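Novice: In the numbering used here, the protein residues as written are -6 to 139.
1. What do you get for residue 54, buried or exposed, if any count of 16 or more other CB atoms within 10 angstroms of its CB means buried?
2. Going by C-alpha to C-alpha distance, which of 20, 47 and 85 sits closest to residue 121?
3. Could you tell me if residue 8 is buried or exposed, where buried requires 16 or more neighbouring beta carbons within 10 angstroms of its beta carbon?
4. At what residues does the alpha helix (DSSP H) containing residue 78 begin and finish?
5. Using 8 Å as the cut-off, can you tell me whether the stretch 85 to 100 makes contact with the stretch 114 to 133, which would need three or more C-beta pairs spanning the two stretches below that distance?
6. For a quick check, are the C-beta atoms of residue 136 and residue 3 less than 7 Å apart?
7. Following the continuous alpha helix (DSSP H) through residue 6, name the residue where it begins and the one where it ends.
8. What three-state label does DSSP hand residue 50 in the structure shown?
9. If you draw a straight line from the alpha carbon of residue 46 to that of residue 52, how long is it in whole angstroms?
10. Under the three-state reduction of DSSP, which class applies to residue 103: helix, strand or coil?
11. What distance in whole Å lies between the Cβ atoms of residue 65 and residue 97, which are believed to be in contact at a cut-off of 8 Å?
12. Looking at residue 105: is its Cβ nearer than 7 Å to the Cβ of residue 82?
13. Is residue 55 helix, strand or coil when you go by DSSP?
Have a look at this one:
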């Protein structure tokens, strides 16, 4: 990858406001990913999550659980430390779109009915960070030389 592409990927003019998005969203994503990958925090791990994903038509379930869990866990960690925020946000945005359209949309908006409101909020945060980058306080900004 050329230096100008790396620079464009890491560059961010955003201020400190992105930190208020990155940290809580990163914690939420990393926790949800750890449920899928490792069975932490009451999750089902790869086998259980994979079986559930197969049951809702996301096949092969084990691979889908690995992809979703990996995007959420490692993407969440990336948001927390502010490293490769744009690619992480792209992966997380895609994961939230899949969650909304494959699981939550038929249930309506509200979380009380397993609706899409939480996934929509996480999608909005992810898209915002995809556009703005990590902002001040991110490793991306330091690596870009700002």
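By construction, the Cβ of each residue, glycine as well, lies at the ideal position given by its N, Cα and C atoms.
Since the model is a prediction, treat every value here as computed from it, not as a measurement.
Specialist: Based on what the coordinates show:
1. buried
2. 85
3. exposed
4. 78 to 92
5. yes
6. yes
7. From DSSP, residue 6 is part of no alpha helix (DSSP H); its letter is neither H nor E.
8. coil
9. 7 Å
10. coil
11. With a Cβ gap of about 15 Å, residue 97 and residue 65 do not count as contacting.
12. no
13. helix
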